[in-house]
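Numbering (my numbering), first residue to last: -14 to 240.
Glycine included, C-beta positions come from ideal geometry on N, C-alpha and C.
See structure below.
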């Protein structure tokens, strides 16, 4: 293989340098022999012929970019335009935060893959309907994930993680805690007010009759009772979340 391909596969395969070879239209290129899978990534470590589960997870994480592009394109095209908050940008945000928090909590590659996949799909059900969108998201997950070579066990776990995002949050394990914290990460960010206003506009657009003053009061109540579940999110967001309450209180007009 060429040096360009070598850079892509050297993490996974044992290779030998084969010197420089003249290639038509490309000049002299460094070439490599691909011998076998690296021992740590193969079922039979001596032979290196068949990939093991570690290889499959690493490959799936590398392939995740293609999967993400497919899903985000679908969300951008098919989500209702009334979704000022639950849009593809929110999905990107949750995917990134799920990975960040997951790594902060010491999760391994297999769990990071489950988390990122659940985050990518957790609001896809909004394409079908606003209420019960978490359930619709799991249906979409079961439809597309076999095409990306996820196992039935992985898909079941991903669907459970997606359902954990249903409010009010009540996670039962670390993966569910991570996705809940990632989904509500904005509560402890500097852009909380504009993001919150996007959610307000979304609710108004779908027919919820609520004025901005009442909305801000409800947000104060929500923030006052909300808790981040992971140590990582608490460390990154809890202090800033407290400041959001004070900012909201200054916006409230007394009746």
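So, with DSSP's three-state summary, where would you put residue 80? Within the chain shown, residue 80 is the residue found at index 95, counting from 1. Helix, per DSSP.
What's the C-alpha gap between residue 76 and residue 103? Taking the chain shown and counting its residues from 1, one reaches residue 76 at position 91. Taking the chain shown and counting its residues from 1, one reaches residue 103 at position 118. Spanning the two alpha carbons is a distance of roughly 10 Å.
Is the segment 148 to 155 touching the segment 81 to 97 in the sense that three or more CB pairs, one from each, lie closer than 8 Å? no
Restricting to Cα atoms, I'd like to know which of 172, 179, 183 is closest to residue 223. Taking the chain shown and counting its residues from 1, the one referred to as residue 223 is at position 238. Cα-wise, what sits closest to residue 223 is 172.
Per-residue DSSP class, three states only, for residue 34: The residue you call residue 34 lines up with position 49 of the chain shown. Three-state result, residue 34: coil.
Return the CA-CA distance between residue 70 and residue 64, expressed in angstroms with no decimal places. Here residue 70 refers to the residue found at position 85 of the chain shown. Here residue 64 refers to the residue found at position 79 of the chain shown. Going by the C-alpha atoms only, they are around 11 Å apart.
Using a Cβ distance threshold of 8 Å, determine whether the segment 93 to 100 contacts the segment 38 to 54, with at least three qualifying pairs required. The count of Cβ pairs closer than 8 Å, one atom from the segment 93 to 100 and one from the segment 38 to 54, reaches three, so the stretches are in contact.
Simplified DSSP state of residue 114, which is helix, strand or coil: Residue mapping note: residue 114 aligns to position 129 of the chain shown, counting from 1. Under the three-state reduction of DSSP output, residue 114 falls in the coil class, being neither helix nor strand.
Let me check one thing: in DSSP terms, what residues is residue 7 bridge-paired to? Taking the chain shown and counting its residues from 1, the one referred to as residue 7 is at position 22. DSSP output for residue 7 lists 13 as bridge partner(s).
Taking the CB atoms as reference points, tell me whether residue -14 and residue 19 lie closer together than 8 Å. Locating residue -14 in the chain shown gives position 1, where the first residue counts as 1. Locating residue 19 in the chain shown gives position 34, where the first residue counts as 1. The answer is yes: Cβ separation under 8 Å.
Distance, Cα to Cα, residue 59 vs residue 6? Taking the chain shown and counting its residues from 1, one reaches residue 59 at position 74. Taking the chain shown and counting its residues from 1, one reaches residue 6 at position 21. Going from the Cα of residue 59 to the Cα of residue 6 covers about 43 Å.
Shortest alpha-carbon distance to residue 17 belongs to which of 137, -5, 114, 197? For this step, residue 17 is matched to residue 32 along the chain shown. For residue 17, the closest of 137, -5, 114, 197 by C-alpha to C-alpha distance is -5.
Taking 7 Å as the limit between beta carbons, can you name the residues of its chain near residue 238, skipping five residues before and five after? In the chain shown, residue 238 corresponds to position 253, counting from 1. Closer than 7 Å at Cβ, skipping near neighbours: 198.
Within the continuous alpha helix (DSSP H) that includes residue 185, where are the two ends? As a first step, residue 185 is located in the chain shown; it is residue number 200 there, counting from the start. Residues 177 to 190.
Alpha carbon to alpha carbon, how far is residue 67 from residue 168? Give it in angstroms, no decimals. For the purposes of this step, residue 168 is identified with residue 183 of the chain shown, where counting begins at 1. For the purposes of this step, residue 67 is identified with residue 82 of the chain shown, where counting begins at 1. Each residue's Cα considered, the two are about 19 Å apart.
Which of helix, strand or coil does DSSP assign to residue 70? As a position in the chain shown, residue 70 is number 85, starting the count at 1. If DSSP states are grouped into helix, strand and coil, residue 70 belongs with coil.
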